[in-house]
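J.: Going down the list, the sequences are from chains A and B.
Numbering-wise (our numbering), the first sequence opens with residue 1 and increments by one.
Numbering-wise (our numbering), the second sequence opens with residue 1 and increments by one.
Beta carbons are placed, not taken as given, at the ideal position from N, Cα and C, and that holds for glycine.
The structure is given below, and queries will be raised subsequently.
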Amino acid sequence: MEGARRSYGLQSPGTRGVAGAKRYGMVIDLRKCIGCMSCAVACKTEFGVPLGSWRTWVKVSDKGRFPNTRRVFMPRLCNHCDYPVCVRNCPTQATYKHKEGFVLQRYNRCIGCRTCMVACPYNARHLLPAKRTDNNLPHMVVDKCTFCVHRVKKGIVPSCVQACVGGARIFGDLNDPKSEVAVLASKERLTVLKPELGTSPSVSYIGGDWEIMDEPHSYTNRTEQLKEEFNDYKRNHEGDAFADIVEGEPTMPQIGEHAIGFLKTIPHKAADVLKAFRIFLFG
Amino acid sequence: MEESVVTFNVFHHVAWGTTISVYFWLVGASAGSFVISSFGWVFGIKRYKPLALTASVTAIGMLLLVPILLTWDLGKPVRFIYLLLPGFWHATGPMSWGTVLICSYPMAMGVYTYFVIKNDIFWARATGIIAIVLALSTHWYTGVVMELNPGRFLNHTALAPLLFLTGAFISGIGLLVLILTMQNLVVAAEKRIDWKLLIEMAQYMMYGLVFDAFLLFLEFMQSIYGSMNVVLGHEAVLMGVFKFPYFWLEIVIGLIIPFLILVSPLKRNIYAVVAASFMVCIGVYGMRVWWVMGGQYLQSFY
Ligand code: SF4
Ligand code: SF4
């Protein structure tokens, strides 16, 4: 059952259960996920997702103590929320909710303000870097999972679903009662991430473990190694005005470094302004 | 029960940084100085008239830096134009409203300043009222931009705009005291602003500090009785990685010490008042820092 239908800005009202309409969604059966990360790799290759950014990834946690242990996996991606905060907050209508369920990004409108990244509760968005291996690809705009809309429109499942070894990712039209995803959605016990935020995700999980799904837990119960890797990531990033603070190091000098980092990006931004003026004046 | 440990996850960036916090500080200080500027011309408190011009020029100056910072923060600066085009403007995005305010507020301030220079009482008052509403709204919106992110627990509070406005009021006065002091040191004796006026302004700042402390207390209470996210936000973010901007800058340097100065007999000493103003300005910057970056910090681990 859906709650009251709300609609904000560029968000087409929910089509879940509406006769004749399609509503795409994904169910992830965590009992079948073996943590091979094929989905993450398939996605990276499908879109050439840059180093340090992810459209989908797999989080891993270890439970219990020997001999009663279990390794738990949780594939993550954009939830294609029915009430997406990212869409509401975008100032240029660059991101929108498609009536068939996709939350999509329009690069030609995105100004790279990163409001949507701040708004998304699931870290599902990233800023494409200024320099890419192929500079014809979009850069300095925000990008996210598209549920492989280009494939779905041709009747093929998303890349991650196709690559999934364990058959854990099931994608399809939730409005089609015969589709595998609709059958699972009706028969299984499903959970979603952060249901309390009212985003109403289109990605749900079977067999979720609360600890790996919990935000405070993800912070407090990281392994030491993960902490170090995280800090390295934050120390080493190159980018435009990101504000990562490394734990255990004094904050204010780091903020000073961000300011210097920001100043360092001025040459390429200035080049961009000059290019825009050149095109404006001389075509 | 043995708790599980997260052994692998990917990493995410905190998207808004120093530039945005500097911008919030500038907009706040601008709105605050503008409020003081309007005391004389809009609210009719005559003794404030002499400093109106300096105050509104300070406000305009602060605000002129803002578009530069913001457009450069976009990465490809020219794209800021999209924010102003009707086909792009998105009414549910707080930033869309912010753009309208950031564009209209300096214009209104400019017109007001023109009438102040012309000494036209009626029009200065009329345009002053419009400008003051825009000044407050411009800063109100910065709070709203942070607030309307339900996933950022430290920011998602209805007190956000109020905290931002109080910060604006006190940092605006603080900045103005500093600027007027410098002005007094360079101009001829007969053009100086009465030191007593600066001391009086600092007393308004003191009331602002009390209100700020009250709001902070409300937030603190909510955070320690809140959901695990907020509790952790308090423990690991505010009293953890962001302890320096939150506790030392905002609370100790920006609130407690200036408050003690401004209630003790030192409040009649202009040197002490200037020092307190300086500390308040820094303290409010500390608040801007943790509001922008601290709210996003925890979630970048999710
Ligand atoms: S998961 Fe994030 S990016 Fe995806 S639709 Fe929801 S709010 Fe938007
Ligand atoms: S970064 Fe792009 S998509 Fe995101 S809010 Fe800004 S303009 Fe919209």
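Quick one: list the residues of chain B neighbouring Ser218(A), beta-carbon separation under 8 Å, in chain order.
T.: Along the first sequence, read from residue 1 onward, the residue named residue 218(A) stands at position 218. Within chain B, the residues near Ser218(A) are Val6, Asn9, Phe301 and Tyr302.
J.: Could you name the residues whose beta carbon sits closer than 6 Å to any heavy atom belonging to ligand 1, keeping them in chain order?
T.: Those residues are Cys78(A), Asn79(A), His80(A), Cys81(A), Pro84(A), Val85(A), Cys86(A), Val103(A), Cys120(A), Tyr122(A), Ala124(A), Arg125(A), Lys144(A) and Thr199(A), given in chain order.
J.: Can you list the residues of chain B that Val273(A) reaches, using a CB-CB cut of under 8 Å?
T.: Position 273 of the first sequence, counted from the first residue, corresponds to residue 273(A). By Cβ distance, chain B contributes Pro77 and Val78.
J.: If you measure from the beta carbon of Met1(A) to each beta carbon in chain B, is any gap under 8 Å?
T.: Walking along the first sequence from the start, residue 1(A) turns up at place 1. In this prediction, Met1(A) has a pLDDT of 35, which is less than 50 and means its spatial position is unreliable; what the coordinates show is noted afterwards. It does not: the Cβ of Met1(A) has no partner Cβ on chain B nearer than 8 Å.
J.: Tell whether a beta-carbon distance below 8 Å holds between Lys269(A) and Trp72(B).
T.: Locating residue 269(A) in the first sequence gives position 269, counting from the first residue. Locating residue 72(B) in the second sequence gives position 72, counting from the first residue. In contact: Lys269(A) and Trp72(B) (Cβ atoms closer than 8 Å).
J.: May I ask you to report which of helix, strand or coil DSSP gives Ser37(B)?
T.: Numbered from its first residue, the second sequence carries residue 37(B) at position 37. The answer is helix: DSSP assigns Ser37(B) an H, G or I state.
J.: Are the segment 133-149 of chain A and the segment 104-117 of chain A in contact at 8 Å, needing three or more beta carbon pairs?
T.: Yes, the segment 133-149 of chain A is in contact with the segment 104-117 of chain A.
J.: Kindly list the residues whose CB is nearer than 7 Å to the CB of Ser53(A), restricted to its own chain and excluding five residues on each side of it in sequence; keep chain order.
T.: Stepping through the first sequence from its first residue, residue 53(A) is reached at position 53. Closer than 7 Å at the Cβ level, and outside the excluded window around Ser53(A), lie His126.
J.: Does any residue of chain B have a CB that is nearer than 8 Å to the CB of Ile212(A)?
T.: Here residue 212(A) corresponds to residue number 212 of the first sequence, with the count starting at 1. Yes, contact with chain B.
J.: Check whether the segment 40-58 of chain B touches the segment 148-157 of chain B, counting contact only when three or more Cβ pairs, one atom from each stretch, lie closer than 8 Å.
T.: At 8 Å Cβ cutoff, the stretches do not touch.
J.: What does Phe244(B) reach in chain A if we use C-beta pairs closer than 7 Å?
T.: Working through the second sequence from its first residue, we reach residue 244(B) at position 244. Within 7 Å Cβ-Cβ: Pro250, Thr251 and Met252.
J.: Taking 7 Å as the cut-off, is the C-beta of Cys281(B) nearer than that to any heavy atom in ligand 2?
T.: Indexing the second sequence from 1 puts residue 281(B) at position 281. No, the Cβ of Cys281(B) stays beyond 7 Å of every heavy atom of ligand 2.
J.: Can the beta-carbon of Phe169(B) be found closer than 8 Å to that of Gly128(B)?
T.: The sequence position of residue 169(B) within the second sequence is 169, counting from 1. The sequence position of residue 128(B) within the second sequence is 128, counting from 1. No; because the gap between Cβ atoms is not below 8 Å, this pair is not in contact.
J.: Starting from Ala15(B), find everything on chain A with Cβ-Cβ shorter than 8 Å and list it in chain order.
T.: Locating residue 15(B) in the second sequence gives position 15, where the first residue counts as 1. Result: Arg114, Met117, Val118, Leu127, Phe242 and Ala243.
J.: Taking 7 Å as the cut-off, is the C-beta of Asn89(A) nearer than that to any heavy atom in ligand 2?
T.: Counted from its first residue, the first sequence places residue 89(A) at position 89. Flag set: Cβ of Asn89(A) near ligand 2.
J.: To the nearest angstrom, how far is it from the Cα of Gly288(A) to the Cα of Glu224(A)?
T.: Given that chain A is displayed from residue 1 to residue 283, the structure contains no residue 288(A) and the question cannot be resolved.
J.: Could you please give me the residues that DSSP links to Asn68(A) through a beta bridge?
T.: Counting from 1 along the first sequence, the entry for residue 68(A) is found at position 68. Answer is Arg65(A).
J.: Quick one: is Met26(A) buried, meaning 16 or more other Cβ sit within 10 Å of its Cβ, or exposed?
T.: Along the first sequence, read from residue 1 onward, the residue named residue 26(A) stands at position 26. Its Cβ being crowded by 16 or more others within 10 Å, Met26(A) is buried.
J.: Please state whether DSSP places Asp272(A) in a helix, a strand or coil.
T.: For this step, residue 272(A) is matched to residue 272 along the first sequence. Helix.
J.: Mind checking whether the beta-carbon of Gly112(A) lies closer than 7 Å to any heavy atom of ligand 2?
T.: On the first sequence, position 112 is the one that residue 112(A) refers to. Flag set: Cβ of Gly112(A) near ligand 2.
J.: So, are the CB atoms of Val289(B) and Ile255(A) less than 8 Å apart?
T.: One-based indexing of the second sequence puts residue 289(B) at position 289. One-based indexing of the first sequence puts residue 255(A) at position 255. For Val289(B) and Ile255(A), yes; Cβs fall inside 8 Å.
J.: Return the residue from the list Val187(B), Met201(B) and Gly167(B) that minimises the CA-CA distance to Leu216(B).
T.: Start at 1 with the first residue of the second sequence, and residue 216(B) comes out as number 216. The shortest C-alpha separation from Leu216(B) is found at Gly167(B).
J.: Is the Cβ of Gly198(A) closer than 8 Å to any Cβ of chain B?
T.: Locating residue 198(A) in the first sequence gives position 198, counting from the first residue. Judged by the 8 Å Cβ criterion, Gly198(A) is in contact with chain B.
J.: Tyr302(B) and Glu247(A) - do their beta-carbons sit closer together than 8 Å?
T.: Taking the first sequence and counting its residues from 1, the one referred to as residue 247(A) is at position 247. Taking the second sequence and counting its residues from 1, the one referred to as residue 302(B) is at position 302. No, the pair does not count as a contact, with Cβ atoms beyond the cut-off.
J.: Return helix, strand or coil for Leu262(B), following the three-state DSSP convention.
T.: Here residue 262(B) is taken as the residue at index 262 of the second sequence, counted from 1. Leu262(B) falls in the helix class under three-state DSSP.
J.: For Asp82(A) and chain B, any beta-carbon pair shorter than 8 Å?
T.: Sequence index remark: in the first sequence, residue 82(A) carries index 82 (1-based). False, the Cβ-Cβ gap to chain B never drops below 8 Å.
J.: Tell me the residue span of the beta strand (DSSP E) that contains Phe171(A).
T.: Within the first sequence, numbered from 1, the residue matching residue 171(A) stands at position 171. Element bounds for Phe171(A): Arg169 to Asp173.
J.: Using the Cα positions of Asn136(A) and Ala119(A), report the straight-line distance between them to the nearest angstrom.
T.: Within the first sequence, residue 136(A) is the residue found at index 136, counting from 1. Within the first sequence, residue 119(A) is the residue found at index 119, counting from 1. Each residue's alpha carbon lies about 28 Å from the other.
J.: Are the segment 256-272 of chain B and the segment 100-116 of chain B in contact at 8 Å, needing three or more beta carbon pairs?
T.: Counting Cβ pairs under 8 Å, fewer than three are found: no touch.
J.: Under 9 Å between beta-carbons, which chain B residues line up against Ser61(A)? List them in chain order, please.
T.: Position 61 of the first sequence, counting from 1, holds the residue named residue 61(A). Within chain B, the residues near Ser61(A) are Ser4, Val5, Val6, Thr7, Phe8 and Asn9.
J.: Taking the continuous beta strand (DSSP E) assigned at Arg189(A), which residues delimit it?
T.: Looking up residue 189(A) in the first sequence gives position 189. Premise fails: Arg189(A) is in no beta strand (DSSP E) and is neither H nor E.
J.: Give the straight-line distance between the Cα atoms of Phe220(B) and Ala124(B), rounded to the nearest whole angstrom.
T.: One-based indexing of the second sequence puts residue 220(B) at position 220. One-based indexing of the second sequence puts residue 124(B) at position 124. Between Phe220(B) and Ala124(B), the C-alpha separation is close to 41 Å.
J.: Between the segment 279-297 of chain B and chain A, which residues of the former have CB atoms less than 8 Å from a CB of the latter, in chain order?
T.: Of all residues in the segment 279-297 of chain B, Val289, Val292, Met293, Gln296 and Tyr297 have a Cβ within less than 8 Å of some Cβ in chain A.
J.: Met146(B): which of Gln299(B), Gly110(B) and Met293(B) sits nearest, CA to CA?
T.: Taking the second sequence and counting its residues from 1, the one referred to as residue 146(B) is at position 146. For the residues Gln299(B), Gly110(B) and Met293(B), the minimum Cα distance to Met146(B) belongs to Met293(B).
J.: Between which two residues does the alpha helix (DSSP H) carrying Leu209(B) extend?
T.: Locating residue 209(B) in the second sequence gives position 209, counting from the first residue. Per DSSP, Leu209(B) belongs to the alpha helix (DSSP H) from Trp195 to Ile224.
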